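Just below is one structure, and these are the notes that go with it.
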Amino acid sequence: FMAKPIAGEPGSAMHVHQSVLRADGSNLFSRPDGSASDEFHWYIGGLQKYLPAAMALFAPYVNSYRRLAAKFGAPVNLQWGTDNRTVGIRSPIASAQNRRIENRVIGADANPYVALAATLACGYLGIQQRITPTAECTGDAYLGKHELPQSLGEAVELLRQSPDLAEVLGPEFVTVYTEIKDIEYAEYMKVISPWEREHLLLHV
138 FMAKPIAGEP GSAMHVHQSV LRADGSNLFS RPDGSASDEF HWYIGGLQKY LPAAMALFAP
198 YVNSYRRLAA KFGAPVNLQW GTDNRTVGIR SPIASAQNRR IENRVIGADA NPYVALAATL
258 ACGYLGIQQR ITPTAECTGD AYLGKHELPQ SLGEAVELLR QSPDLAEVLG PEFVTVYTEI
318 KDIEYAEYMK VISPWEREHL LLHV
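Using our numbering, read the sequence shown as starting at 138 and increasing by one per residue.
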C-alpha cells in the first residue's frame, strides 16, 4: 500500500481519535465542570514532543513522506487547535464526556496496531511528564514551518534517539524496527530515479 501513489493528488491518511477513561467511565480529558483537564493538555504536550520521534512508525515507508505536503491537506506541523483542520493535533468539537484528541499525521500505510500503540505512548508520556503544550493555534497552521521529519532516514534516527519511547514500546522492538528500516532506506538510496536523470543528467 502507498500513502501517496499519485503525484499532484492528496494522499491517504489514518486519523486516530483518542480519549482516555477513568475507572468510573468518566473522560480523563474533562473536569467535572466540563472544562478541559490538565491531562488533556499534557496529552497534547506529549504528542507535540514525541510525534517527531514516532514518525517512523506513523509514516513507515519512503513514499509516506510524499504525502506530508501542506498544499494537499496533510498536516506538516505539531500545532494543536479546536476543530482546526490545518493542525497536526486536532480537538474536535464534542461534549465533555466525548472530548478527544485527533492525531492527523498518521498515514494509511502505517500498521494500525503499531500506530495506535505509538500515539498512545506519546500521550502517556505527556501525562507522565506533565508536558505543557504550546498555545492553541487558531489560524492557518500551514503558514508555519514544517515541523515533522521529511524523510524515512531522518525519522528512523529520531526514533533511535528517543529512550523514552523505547522504554514504553519496548527496547527490543525499537532496535529491530530501526535496523530493518535502515536496510530499507539504504536499498531505496541505491535507486536512481527518472527525475534525477531528467533534471541532472539532461539539463545540467
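Note that the Cβ used here is the ideal one computed from N, Cα and C, for glycine as well. What you are looking at is a predicted structure, and each value in this text was computed from that prediction instead of being measured.
- Taking a 10 Å sphere around the C-beta of His283, we find fewer than 16 other C-beta atoms and assign the residue as exposed.
- In this structure, the alpha-carbon of Arg204 lies about 9 Å from that of Ala144.
- Ile238: member of the beta strand (DSSP E) spanning 238 to 240, first to last residue.
- Take Leu158, set aside five residues on each side of it, and the residues of its chain with a beta-carbon closer than 7 Å to its own are Asn164, Leu165, in chain order.
- Beta-bridge partners of Leu158 (DSSP): Asn164.
- Taking C-beta separations shorter than 6 Å and ignoring five residues to either side along the sequence, the partners of Pro147 in its chain run Phe209, Gly210, following chain order.
- Nearest C-alpha to Arg267 among Leu215, Gln185, Gln155: Gln185.
- In the structure shown, Ala211 falls within a coil segment according to DSSP collapsed to helix, strand and coil.
- The beta carbon of Val305 lies closer than 8 Å to those of Ala258, Tyr261, Leu262 in the same chain, with the five residues before and after it left out.
- Between the beta-carbon of Tyr180 and that of Ile238 there is about 6 Å, and that keeps the pair under the 8 Å contact cut.
- Boundaries of the beta strand (DSSP E) around Ser228: 226 to 228.
- Annotated as distal: Asn240 and Gln298, with beta-carbon spacing of 8 Å or more.
- DSSP lists Ala150 as the beta-bridge partner residues of Gly244.
- Under the DSSP definition of a beta bridge, Trp179 lacks any partner.
- Where Gly260 is concerned, the enclosing alpha helix (DSSP H) starts and stops at 249 to 266.
- DSSP places Ala272 outside both helix and strand once states are collapsed to three, so it counts as coil.
- For Ser288, same chain residues with a beta-carbon under 7 Å away, outside a window of 5 residues either side, are Tyr202 in chain order.
- Here Leu302 has Tyr187, Ala190, Ala191, Ala255, Ala258, Cys259, Leu262, Leu296, Val311 as same chain residues with Cβ atoms under 8 Å from its own Cβ, once five neighbours each way along the sequence are excluded.
- In terms of Cβ geometry, Leu194 and Val242 do not form a close pair [threshold 8 Å].
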